[in-house]
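Below is one structure, written out as structure tokens; the observations come after it.
Numbering (full-length UniProt numbering), first residue to last: 1 to 289.
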């Protein structure tokens, strides 16, 4: 306790939780989000063929969580677009990443040291969005614990949750990439973070909101920096989730009972038909002999 008092952790957490996100942190969030959009197959071709569709996809990547949360809370899905400065800033980032001459801006922001800083700043915004979503839902539904968790979860990972709709704008349909079926680390972390902030908001977690924001931000930023530096798509939760799922559901995460006990899959029908045809031809040849 004396160490914490000497470090003034509570005061630092308070200052950190009140720190403004616009424009530095928001710019980092927009840059990283649109970089991930550019990684998507066909996104560059869409930007050349239909800039309007590309811009809409970029706006979904930047503001999809706000849109989805507003729909869930009964507000207009275009309510966030009244913030002209945010829209113009995200649009400028989109233009520079896709249309900057010689691709210079994109090359600068994906330079690994720069990208690591941007990724860390993005996680600061993500944590604030989760906390704000839970707080908003708490004032609308004082006893709706599940609603608080869902809204906080959507605020933290709404972009991933509506990715299939964004794919349609790009002319792509890949239902197997549904985020609920294949949850990435940010999506899982947003869910766990929403649970923690809900417990804090309802006073079941004896920690101040500013301290929880600081601790969760440090965890998210550190995890994403390490994963980005190692080019890893794994999850720090994998070992715990595997153990819990085996304990509660009888199978590791991502597996099923059929996966472990089902017999080997038979050969494809096409191959079976070819084998039958070869066998028939051989029998006919023997008869002819």
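All C-beta atoms, glycine included, are put in the ideal place defined by N, C-alpha and C.
Integer Cβ distance of residue 193 from residue 250, believed to fall under 8 angstroms: That belief does not hold up - the Cβ atoms of residue 193 and residue 250 are roughly 28 angstroms apart, past 8 angstroms.
Start-to-end residues for the alpha helix (DSSP H) that takes in residue 126: 112-140
Contacts around residue 21, its chain only, beta-carbon distance under 7 angstroms, and the 5 residues preceding and following it disregarded: 125, 128
Proximity below 8 angstroms, CB of residue 224 to CB of residue 120: yes
Best match in 32, 41, 203, 214 for proximity to residue 130 [C-alpha to C-alpha]: 214
From 137, 49, 217, 77, residue whose alpha carbon lies closest to that of residue 25: 217
With 16 other Cβ atoms within 10 Å as the buried cut-off, status of residue 200: buried
Where residue 173 falls: helix, strand or coil (DSSP): coil
Status (buried if at least 16 other CB within 10 Å, exposed otherwise) for residue 19: exposed
Rounded distance between the beta-carbons of residue 196 and residue 212, thought under 8 angstroms: 6 angstroms
Residue 205, DSSP secondary structure in three states: coil
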